[in-house]
Structures are given as structure tokens and as C-alpha cells.
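Scroll down for the structure; my scribbles are underneath it.
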Amino acid sequence: MRLLVDLLAQGVKMFLVLLAAPLLTGWTRKVRARLLRRQGPDLLQPYRDLWRLLRKEPVLAENASWLFRTAPYLVFTTIWIAAALVPTYATGLLFGWATDLIALVAFLGFARFALALAGMDIGTAFGGIGSSRETMIASLAEPAMLLVVFTVALLAGSTQLSAIAEFLLHEPVGLRVSLALALLALLMVAIAENARIPVDNPTTHLELTMVHEAMVLEYSGRHLALIEAASALKLTAYLSLVACIFFPFGMIPSGSSAFLYPLGILAWIAKMAMLGAALAGFEKAIAKMRVFRVPEFLGGALVLSFLGTLLLFVSRVL
Amino acid sequence: MSSLAFDLAHLLAGSMVVSSFLLLYQYRITGVLNVFAVQAVILALAVAFQAWFQDAPHLYLTALIALLVKGIVIPLALHRIVRELGIHREIEPVVGVGLTMLAGLALTALAVLVVLPVTGGAGRIGREDLAFALAVILLGLLMMITRRNAVTQVVGFMSLENGLVLAATGARGMPLVVEISTAFSILIAFIVFGIFLFRIRERFDTVDVHALERFRGD
Amino acid sequence: MIPAAGALLALAAALAAACFVRFYGIAFLGRPRSPEAAAAHEVDPVSRAGLLVPAVLCLLLGVFPAPVIDLLGPVVTALGLESSLPEQGVAGWLSLQPLPERRASYDGLVLFSFLVLAGGFTAILVHRLGGAGLRRGPVWDCGYPDPAPSTQYTAASMSQPIRRVMGPLLLAAEERVTMPAPLDPRPARLEVRLVDRVLEGIYRPLVGIVLAAADRLNPIQFQTIRRYLVLVFLVLVSLLVLTAAGR
Amino acid sequence: MGETARLLVLVIPFAAAALLAAVALLLFERPEVGIYFIVDDLNTAFVLLNCFVGFTTAVFSASYIAHELEIGRLTPTFLRFYHAMYQAMLGSMSLALLSNNVGLMWAGVEVATLVTVLMVGIYRTEPAIEAAWKYFILGSVGIALAFFGTILVYLAAQDALGEGMPALAWNRLLAAAPLFDPQLLDLAFVFLLVGYGTKVGLAPLHAWLPDAHAEGPTPISAVLSGLLLNVALFALLRFKLVMAANPAALTPGPIMVTMGLLSLTFAALMLYRRRDIKRFFAYSSIEHMGITTFAFGMGGSLANFAGLLHMTMHSLTKSAIFMAVGHVAQVKGTQKIEALKGLGATHPILAWGFATGVVAIAGLPPFGVFTSEFLVVSSTFARAPWLAIPLGIGLLLAMGALVLRLVDVVFGPPTGPRTPVHASYLPMFAHLVLVLLAGIWLPEPLVRWFQAIASRLG
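As they're listed, the protein sequences go chains P, G, B and Y. Quick note on the working numbering: the first sequence kicks off at 1 and runs consecutively. Quick note on the working numbering: the second sequence kicks off at 1001 and runs consecutively. Quick note on the working numbering: the third sequence kicks off at 2001 and runs consecutively. Quick note on the working numbering: the fourth sequence kicks off at 3001 and runs consecutively.
Here it is as C-alpha cells:
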């Protein structure tokens, strides 16, 4: 019976993440609009968009290869699993030990790799722009991301997400500078990875500035739906990662009774809403950077995360 | 008797060294050849004396070979070649005569310094012969270094071989095999050197070692 | 300094990914860039098998790492490195545990089966909901009419962002763009100069020293016989002096 | 080419083969030690190697000289002279190796030198004459000094062994060595080292070697660098044994080690600027002789074993390379490296033989030269680690130059004539196979045999 409950919990988590992702993007758009004192789209609008796109027939370029058609499925599945494996409302779920933070980063890396290839498949200038800039950003973001992982893993003694969350939940960690630095670095990396404002504008179609959009320019119909869902899921994954590591309050410890789960879900939704609003606020407060100032931005993230690890390393040694 | 014998051996070996110095001193090629002939004669005498002193008959043979081959045949042949090649002209040694002499003296001192404390075992004559022989060898080498002309270089080499024969005879009971091989080598040296000279003359009509070295193999 | 090493490893992995995106993209994707490329055709099955077999093996190794690691364990200890990975087969589901259970664990099989399941589920769901229709049309390319193949990104342009970021640091790369005057019809020029620091810093000076030494020794080959005899003479005299002084 | 010439060309390999067969018998049944001749572990190794390489070079020179006759560089009279001299050289080298009497050994080396002087001058071109003359003068001076050294050894042995022949018999010398006067032995060894060192081609005394190799006919270069250097080194080893037996005498090790290192580094640096391919490989011979002398100077059974192995490998590989170079020079008509480009395109078999040879001589792994160099370096580490650094640098320098030239010659656009060469590749590839075999698996009896020699070498 216990196994059944756990399986159920895991299944609920996977589908919860899937359903919540479009809501999160809708919510961020709503908050952004509100900040600009305009009405903003309905919260459920992303669902309608996805549904509409899903039922439209995709138009492929003549020379699009098999890779172009399979990439959306690949990207969507990898990101969905990554998002599903990040502990959201409960720690120590059945498949918690199946992956640790480094594997998660590798999964996201794989999704980016597949998308970049798909971007180049059509053989237009924009695909090239998107892929080359994406690889540049990735080459800076990944080391920063891993340094954050190391800081947290050094502190918690394990790279397993659920173990980290439990550690941060129960152990009296106190105010640690390296954790603050790691948080800041993780936020900057999340912004860069999800193509949010300072690095790349998700809504824009201005050729010279777009990175993520340039790669998915040629997609239409259900493929575009999958890509949009994937990017929404990615945002959820990153935000729930931030929530799980840095704000683990309200997460249900493993093994407690099934009734507590709804409480955990509520806490998680509240955190997501809060982070979404913060993101929207941050996006409004800052203008988009020139593409070649992004390296400095990510360089800053790298330095912060490295300092975090260094300080932690030093403090552990002393 | 031994002191007389010692004095005689000393005299002959000493005169060999003196003749080597004379060789160094010579300017003209004919002069060099004549002094070489004189040195060969002295060598023959020294070997003959050693033969008498060690009453080893085979040394007489070596003395005879030295006298005939080195004393008479080679100088005459060289004179003829020199006349044919027409190279009577002045041979200016590479390094000034003064410096050569100084170097010669240093070498003789070195030879004596090196050999005398070493040969405690052998008889007094043997030790002395060896010292002088080494001096003659080093002087022969010095001559080859300070001369430009191919003929004088070969004469330098010959006087070096004279030193060798002196040393060989100085060593009591050195088997004949060695003497014959020395003579044998002189013979070969002469033939080869002869062929070369003719061939050299045939090729570029001069014996100056400089001409020889115009070609720079790389 | 494990974290620094870890970060460098991640940087290496990211750059490798970038390099392979560039390589695969330029070689296989996009429109044919040259007439020969247009006429390219598939190779014979044997060489394709040559490619496929190792690829499949890699996949299997990724999904079932435990047995292989158990095989390699004794080799590592034989090499004298004291700690090899702990026994893998133990923690069920063939999961990989580089360190004791709590510290870190990664399970290739579970994740791979997750991937396949989720992928299949999405494909079926999407095809059921949105139908499997597909239409081919001309490339959209933001409305730019029939772009020529030459507008595609080339290898140099693919690496240009990374080169601008990493270039000055690692390769002392300098880029100079010379734009013609406004009315001048001449094309703009982009010059990229890469200076390999390691080559310039270490190897070139070393080679310089060796060749300089070789040049200084070279004349010895062209000396006169007399000078060679001087060499012999000097060796002999120095050894004699040595033995004389030695006593 | 006259009938006699063709007959002669065939006679020489058979004669060499007969000699090899005779020597091979020595392996199984050794005559007892006479006053003039001795057959022990040390010289059977040398004699066998000498006769084998002599035989293979004879087979090579048969086709080489036939080609030289065709293009008229040699007249039939010189053909007879060449073959006579070749046999004389093989004979005198074997005499030097097998003689128990130190004076006889000296005479053997002397005759071998004079014969090779004549062979080097055989083409009678201007450079050949100068090379032969240089070889004659330096060789004779060296031999004279060695003779003086022999006299000194005789003097040292006189009071212990009495006068006359016994005082020169090597085995008695070895037995009575502790009784000799150590200072006289040191002096003698100085002369012997300078004398035979000139014949071995150690650095300051090497001047004759590059020109003699470059100007003489190629089979002579192969035999010269393959065998004559070994014979001279053998003579030096004989006396090193005597010195080692006398505890009071100063050990010859340091001097040999310094001269070995000097020749290694000097030759390695000179390789970079050589433009004539045969002179290039002559300097490579100096370098490898430097390594061998270094190994024997280093002392200890491992270093001696490595020295012996290295000498064998070097003579096999170097003679194989010279055979390849001979054909290359004949085909391209010149020895200048610039003109020898693109061999791989025009003559594939020759190019691959040459490339294998150069890779082997550069000391790269699969081949025996690497094994011996590896043993030398590891024995140096064991005994005097700081010496291993200059040794390593020298080896690297040499390898760099060799590989550099290899690329020049074998790859690149072909230049010069493309006439196919009807050459006998058999001897060259036989050598290379042997070297490869030694690199991969040293047969047990050979190892034990070399170890027996090495332990006695002290």
C-alpha cells in the first residue's frame, strides 16, 4: 500500500508540474501587465494558446530533416522529466534518489543541445544566430550553475536534491553568505537560461535581439505548442529549484501521511506565485542588454557562485 | 756499465726530442724533410742501442727497417714529389714559431711529468725512453696542428710514428709482432699518402691543405 | 579546489557541446552549401553499421553503468589507486552510486525508462489531440524572400560569439571589422587573428633556442683538418693533465 | 657490365655468407683460448653481429655496385678493388674481435681503418678525396695514440707477466690486472680512450665520421657506422675490463659518461642543420655511439646490458637506413635533402622501409632501439638521477630532428626522377624485422647471454 501511495504521489507531482507551468507563465504576464497599469491577458490564456496551437497543422520547410520534427518531442520530454524530478511540495519521493543535481543540469543541457541543433536545421540566418548565441550563453551559464550546485552540495553533504532540501529544512543553517551568493547566481543563471528580459526578450520578434525565439522561428502547429510548453516547464523547473533549495518551508518530509500532501501543494503554489511576481517585477525594472554584454552578466554570476564556493570552502576548512 | 748505457740511451732519446723541436722550427719544406731523415737515423741508432742493451736480436731488424724506410726511402721519395709538385716555396706555420716552441716545451714537460712518477716498476732506461717517446709523439701531433701543408702534416705524422717506435723498443721484450705491424703501418701510410699526393696533384695541382678544404661538404 | 576543477569541467562540457552543435550543424543540417554537398548520398550499410554499433554501446553503457564499473573496479585497484568505486550492484534498480547512498546517486535505467515513457505518452497524446497532418511549405525566415544558401551560418560565424567571449582570454583572438566608407561599394572585411598563447609562449622560444644552438655548432662541420687535430690534441692534453693532477 | 664483374658481384655475398656460417659455429663449440685468439661471451656477440651485418650489406652492395657500374661512377677495375677491400675489411674486423693478443687487436683495427680509408676515396671525386684524407689523418693519429696506450699497458703488465707475448695476452692481463701499477694503467687508458675514441667517433674526436660516411659508397657507410664503430668500442671495452679489474686505478666511468653525453647532445644539435642525408645519418651514428658509451660508462649490469642491446640495435637499424638511403640517393641522383622530397609518392616500398628505419632509430616504442634507450634511461635514474636529465634532453633533441627530416623526405610533392629502383629490399627489411622483434620480445637465451656479458663488464 505504501508503494502505491508513493507511486501516486510521484504521478501527481509530474502532472501537477505540467499543468501548473502554463499557469505560471500566465501569472507572470498578468503581473507584468498590472505593473504597467494595463489589464493584461487572462490567467488561462496560455492554456488556450497551447490548445489552439496543438490542434493547428504544422507547416514545415522543404528541407527540414527528421531532426526538426523530433526535436520538439525530445526537448519537451527531457524538460518535463527534469521539472518532475525537482522536489516541489514533498521531499524524498519515490524516485527522488534516481537523480541528483548534476544529472538535472546535464538534462537541461541536453535539451538546449537538441534545440540548438533544431535551430540550425532549416539553414536560415536566424537559426544560426539563435544557436550560436545559445551555445555562448550556455558555455557561461553551465559552469556558474555547477558552482551553485557545489556550494549547496558542500553545505548539505550530498548532491541529491531531496537530501539537500531535508538538510536545509531541519539543520540550523543560520545566515550564510555563501548561500546568499549562490541564490543570486542561481537567479541570474535562471534568467539567462529561460531567456527572460535582461538576456533575451521572450515576447520579442526583433531579429537582432532574440536568442531563444530565433531557434524556434520555423516551428508551427503542435511542434510550437510543445516548444512553448517546454519553455514554460523550464521556467517552472528553475523556480521550483530555487524554491526547493533556498525556501524549503512547507515541504512535506518523506514518509508522512498522505493527507499532508495537499498542504504541501498549497505551499508550493504560493511560493511559485511569489517567485513569478518577483520575476515579473525584476523584468519590468530592467531593460534588455546588448547581446555581447550578456557575457559580463553571466561572468558576474560565475564570479558570485565561485566566491560562494570559496567562502564556504574556506569556512569549512577553518 | 749501466751508467754508460744509461747515458747513451739518454743521449739518443734526448736527440730524438731535439730533432722533433728542429722539425717544428723548419720553414722550408726541404728543410723539414732533411730533419725528418736525421730523426729517422737517430731513431735507428736508438733502436740498435736498445737491441744491443736488451740483447734482443729482432730489434736490430727494426732498426734496419727504420733506417732504410724512414731514413732513406721516404725522404728521397718526398723530395722527388716535392720537386715534381714544385712546392719548394715558403711554408708559414699557422702559429708563430715562438709560440710553437713554447708549446713544445710545455708538452715535453707534461710528458716527463706524466710518465716519470708513473713508471716506478720498469727499469730506469725504460722509464726515460718512454718519457722521451711521449714527448716526441706530442711534438709530432703539435707539428701536424701548426702546419698548413699536406706534406709537412704527413711528416709530422711520421715523426709521431717515430716516437711510437721509440716507445715500443724502449719496452723490454715487446714482441716482434708489434714492431712488424708498426713498420707495416708506416709502409701502408706511405703508399696511401703517396697515392693521395698523386691523386691530389692530379686533381687540383696543389698540396696546400687549404686547397684541399675548398670543398665544404655540408 | 575540487569546485574550481568541477567548474572547469562544466565549462569544458559546455564548450564541447557548442563545438558539436557547430560541427553537426554545419556538416549535416541546413541547406547544402556546395554543389558537391547537394549531390551527397548515403554511405553503404557497412560503414553506417561501423558508426551505429559504438553509438548503441554508448547508450547501453549509459543506461547500465553498474556492471561495467564493477568490471573496471579491480583494474583501478591493480593500478595502485587505493580507492575504486564501491560495489555498484547493491543498491537496487542498477543505480549508480559513486559515493555512499545518501551523498549522490544517479540511475540511468530509471531515467531512461522515464524518458521513453514520457516521450511515447506525449507523442500519442499530441497526435491524438492535434492530428498527424503535416504540410510542407517554403521557408518562412521572417518573411525574407527565398534566402540563398550562402546566408546560412558558416563555421566561423557559429563560433563568433564564443570567440568574442573567450577569445581574448584563451587565444588572444583579435577581430577587426573594416567597414567601407558610406558611399564606397567595396565589401566590408572581417579579419580574425588567433594567436595560440601556448605555441607562442612555450614552443616557439624552445625551438628558437634549439635552432640557435644548432646554428652556433654548425660551423664545426666545416673546419680544416688542422683544427680537428687541435680538438684531438686538446682532449689528449686535458686528459693527461687530469691524470697528472689526479695523483 | 663485364661477365667477371657479374660473377664478382655474386662471389662477395657467398664469401660473406661462408664467414657468417663459420662464426655461427662459434656459438656452439668454442676453441680453447690460444696465445693469439680467444673466444669468449663478449666477442662472440660482436663477431656474430659483425658477420651478419657484413653478409646483409654484401647482398645489398651486390645490387648497389652493379647499379653504380651501369651509371659509370665506378669502372670495372675499381669493382675488383672494391670487393677485395670489402673482404679485407671483414677479415681484419674479425681478426680484431677474435684476437687475444692486444697488439694483434690493434693491428686488426688499424688494417680495417686503412682499408675503409681507401674505400671512402674510391670515387676519386674532390670531396671523396678530402673526406678520405681527413679520415686517414685523424684515423692514423687516433690509431697511433692507441698503439702508445697498448705499449703502456704492456709496460704495466711487464713485471707481473714477464716479457714477450704473454704480457700482451688479454686473458692473462685481465687475470693479473690487480697487480699492475694503477697510475700507469690510468695513463694507458687515457691514450686508449683518445685513440679508440677517435675510431668510435665520440664528440670532440668525431670529425672524420660525417665526411667519411657521406663521400664513400653507401655499403661502406653502412658497414662503417654499423660495424667499425662497434669494433673500436669493443677494443675500448676490453681495456675497460682490465681497468675495472684493478681497484686502485681510477674508474673509467666518469670520462666515458662525459664523452658519451657530449657526443649525444652535440650530434643531436648538429642534426638540425644538415643538408646532406648521409651526413645527417652519420651524426645520428655519433649520437647513438654516444648513448652506448654513456651506458658502458655508467656501469652496473643493467646499464651494460642496455649498452650491448643498444649497440646491436643501432648497427642493425643504421645499416638498414643506409641501405634505404643508398637506393634513394641512386634513384634521385643526389644526396641533398631538399631534392629528396616526396619519396612516398614515387617509391612506396623504399619510402616505407626508410620511414620504419628512421622511426626505429629515433627510438620510438615498438622497436628495439626504444627498449635499449628505455633501459639506459632507467638505469641512469637508478644510479645517478641528475644525469638522466641531459640524457633525456639529448634524446628528445635527436628525435625531433629525425622526425623533422623524415617528414621532409617521405611526404610532400615528389621531386626529381621517378625511375623505379630494382633494389634488393631483402637485407633492409630483414634488419628492420629483427629490430622490431627485439622491441617486442627479447628471446630468453639472448637475454641471458647478454646478461652474462654485462655482469662481467663491471
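We treat Cβ as the ideally placed atom computed from N, Cα and C, and that holds for glycine. Since the structure is predicted, the reported quantities are computational estimates derived from the model, not experimental observations.
To the nearest angstrom, report how far apart Y1027 of chain G and R1080 of chain G are at their CA atoms. 19 Å
Check the Cβ-Cβ distances between P1057 of chain G and every residue of chain Y, and say whether any is below 8 Å. no
Determine whether the Cβ of L54 of chain P lies closer than 8 Å to any Cβ atom of chain B. yes
Give a yes or no on whether the minimum CB-CB distance between V2021 of chain B and chain P is below 8 Å. yes
In chain order, what residues of the same chain lie with their CB nearer than 8 Å to the CB of M289 of chain P, ignoring the 5 residues before and after it? P198, V199, F297
Is there a Cβ of chain Y sitting closer than 8 Å to that of L2217 of chain B, yes or no? yes
Starting from T1152 of chain G, trace the alpha helix (DSSP H) both ways and give me its first and last residue. 1150-1170
Per DSSP, which residues does G2137 of chain B bridge with? Please list them. P:A61
In whole angstroms, give me the CA-to-CA distance for L239 of chain P and V2195 of chain B. 42 Å
Length at least 4, wholly inside the region 231-304 of chain P: the alpha helix (DSSP H) runs in chain order: 260-285
List the residues of chain Y whose Cβ lies closer than 7 Å to the Cβ of I2209 of chain B, in chain order. Simply none; closest approach about 10 Å.
Spatial neighbours of L35 of chain P within its chain, please: CB distance less than 6 Å, with the 5 preceding and 5 following residues excluded, ordered by chain position. K284
Can you pull the chain B neighbours of I191 of chain P, defined as C-beta to C-beta under 8 Å? Chain B residues near I191 of chain P: none, gap ~17 Å exceeds 8 Å.
Taking V1114 of chain G as the query, report the chain Y residues whose CB atoms sit under 7 Å from its CB, ordered along the chain. L3187
Starting from E3070 of chain Y, trace the beta strand (DSSP E) both ways and give me its first and last residue. Here E3070 of chain Y belongs to no beta strand (DSSP E); instead the alpha helix (DSSP H) covers 3041-3070.
Along the region 1136-1168 of chain G, what residues have a CB closer than 9 Å to any CB found in chain Y? I1137, G1140, L1141, M1144, A1150, Q1153, V1154, F1157, L1160, E1161, G1163, L1164, A1167, A1168
Using a Cβ-Cβ distance under 8 Å, would I3151 of chain Y count as near chain B? no
Hey, how far is the Cα of K3199 of chain Y from the Cα of Y1060 of chain G? 32 Å
Are there three or more Cβ pairs, one per stretch, closer than 8 Å when the region 3272-3281 of chain Y is compared with the region 3200-3216 of chain Y? yes
With burial defined as no fewer than 16 other Cβ atoms inside 10 Å of the residue's Cβ, what is the status of F2222 of chain B: buried or exposed? exposed
Is the beta carbon of P3182 of chain Y closer than 8 Å to that of A3248 of chain Y? yes
Under 8 Å between C-beta atoms, does R2102 of chain B make it to chain P? Bear in mind that a pLDDT of 49 at R2102 of chain B, under 50, signals an unreliable position, so the number given afterwards is only what the model happens to contain. Yes, its Cβ sits closer than 8 Å to a Cβ of chain P.
Does the region 213-226 of chain P touch the region 116-123 of chain P, meaning 3 or more C-beta pairs lie closer than 8 Å? yes
Contained alpha helix (DSSP H) runs [length at least 4] in the region 17-76 of chain P, N- to C-terminal order: 45-55
Chain B partners of L1033 of chain G, CB-CB under 9 Å? Those do not exist, as L1033 of chain G stays about 20 Å from chain B at its closest Cβ, beyond 9 Å.
Determine whether the beta carbon atoms of G130 of chain P and V31 of chain P lie at a separation below 8 Å. no
Would you decide whether P3100 of chain Y is buried or exposed? Buried here means 16 or more other CB atoms lie within 10 Å of its CB. Pro is not the amino acid found at residue 3100 of chain Y; the sequence shown has Asn there. The residue is buried, with at least 16 neighbouring Cβ atoms inside 10 Å.
Buried/exposed call for E142 of chain P, threshold 16 Cβ in 10 Å: buried
Near the ligand SAH: L1166 of chain G beta-carbon under 7 Å from a heavy atom: In the structure on display, the ligand SAH does not appear, and there are no ligands present to speak of.
In angstroms, rounded to a whole number, what distance separates the CA positions of F3060 of chain Y and A3157 of chain Y? 44 Å
For F3180 of chain Y and N1149 of chain G, what's the separation of their Cα atoms in angstroms? 42 Å
So what's V2043 of chain B in DSSP terms, helix, strand or just coil? coil
Does any residue of chain B have a CB that is nearer than 8 Å to the CB of F3411 of chain Y? no
Just checking: is the beta-carbon of S3140 of chain Y within a distance shorter than 8 Å of some beta-carbon in chain G? yes
What distance in whole Å lies between the Cβ atoms of I3291 of chain Y and H3206 of chain Y, which are believed to be in contact at a cut-off of 8 Å? With 8 Å as the limit, H3206 of chain Y and I3291 of chain Y do not qualify as a contact, their Cβ atoms being about 14 Å apart.
When you compare the CB positions of I320 of chain P and A237 of chain P, do they come within less than 8 Å of one another, or not? Limits of chain P in this structure are 1 at one end and 318 at the other, which puts residue 320 of chain P out of reach.
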